[in-house]
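Only one structure is covered here, and it is reproduced in the block below.
In the working numbering, the protein residues as written are 7 to 252.
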């Protein structure tokens, strides 16, 4: 995605462009922190974990937090939904980072920190709640704005929905390894010049390997009068055999 984004920036007229080729996965693998935006912390469909003691959490915590003291985190890993974005915080930067590292070690790929921990949240004017703590995690996967459901995507991919088409926005090298048999393939960085190849009277379901590029493609298409949605899922294709994991 880094190179695709750089290509889009170049076409938009920017000239001083550099790419961190290994991207966020390498950054995280090397043990560096990543942070959720305050908007995502406040309203995102996430599991928000307060790593402080129950007493501290009861005295004041970020709204929607589930209290799991750091010392209990390892034993509670099995109760955290694997597909959920997980955001953790504490009042101690080292403890918060240790919590993030433990989640990564357990295979949680969508884990992040609150920027500045509880202190940063309060300073930014974020909502705080007090009282008895919540320890039970209740999380249900919700579709993002503009996201197509896996059921509707599969229906189109299987040729069972004449009113929809699948748009593959991966690179040519990725597509060469395999693709959905009836998909239209236009790499993201070529989409602006090739929109005329797409119909405006059908639903367009864009996909890439995880969803980030598909989201960008759908937004660009919708700006230009198309009816586009994007798939958030891991897509792995070998030949015309494509596996989709939500």
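Even glycine gets a Cβ: it sits at the ideal position worked out from N, Cα and C.
- Distances from the alpha-carbon of residue 47 to those of 134, 21, 82 and 105 put 134 closest.
- Remark: three or more beta-carbon pairs, one from each stretch, lie closer than 8 Å, so the stretch 112-129 and the stretch 75-93 are flagged as touching.
- In the DSSP annotation of this structure, the continuous segment of the beta strand (DSSP E) that includes residue 242 starts and ends at 240-244.
- Taking the Cα positions, residue 7 is about 16 Å away from residue 191.
- Counting along the chain, the unbroken beta strand (DSSP E) around residue 236 starts and ends at 233-236.
- The straight-line gap separating the alpha-carbon atoms of residue 70 and residue 145 is approximately 11 Å.
- Taking a contact as a CB-CB distance under 8 Å, the pair residue 224 and residue 239 does not count as one, their CB atoms being some 14 Å apart.
- Per the Cβ contact rule, the stretch 46-60 is in contact with the stretch 140-157 (3 or more Cβ pairs under 8 Å).
- In terms of Cβ geometry, residue 227 and residue 10 do not form a close pair [threshold 8 Å].
- The beta carbon of residue 136 sits closer than 7 Å to those of 64, 65 and 66, all from its chain and outside the five residues before and after it, given in chain order.
- Runs of the beta strand (DSSP E) lying entirely within the stretch 59-146 and spanning at least 3 residues, in chain order: 92-95 and 117-120.
- With three or more CB-CB distances shorter than 8 Å, the stretch 91-101 counts as touching the stretch 115-131.
- Between the C-alpha atoms of residue 237 and residue 189 there is a straight-line separation of about 14 Å.
- For residue 168, the three-state secondary structure derived from DSSP is coil.
- Taking residue 25 as the centre and dropping the five residues before and after it, the same chain places the C-beta of 8, 9 and 12 closer than 7 Å to its C-beta, in chain order.
- Distance from residue 44 to residue 130 at the Cβ level is roughly 6 Å; contact confirmed, criterion being Cβ atoms closer than 8 Å.
- Across the structure, residue 59 and residue 29 are spaced so that their CA atoms are roughly 34 Å apart.
- Of 27, 39, 152 and 243, the smallest CA-CA separation from residue 99 is found for 39.
- The Cβ-Cβ distance between residue 124 and residue 72 does not fall below 8 Å.
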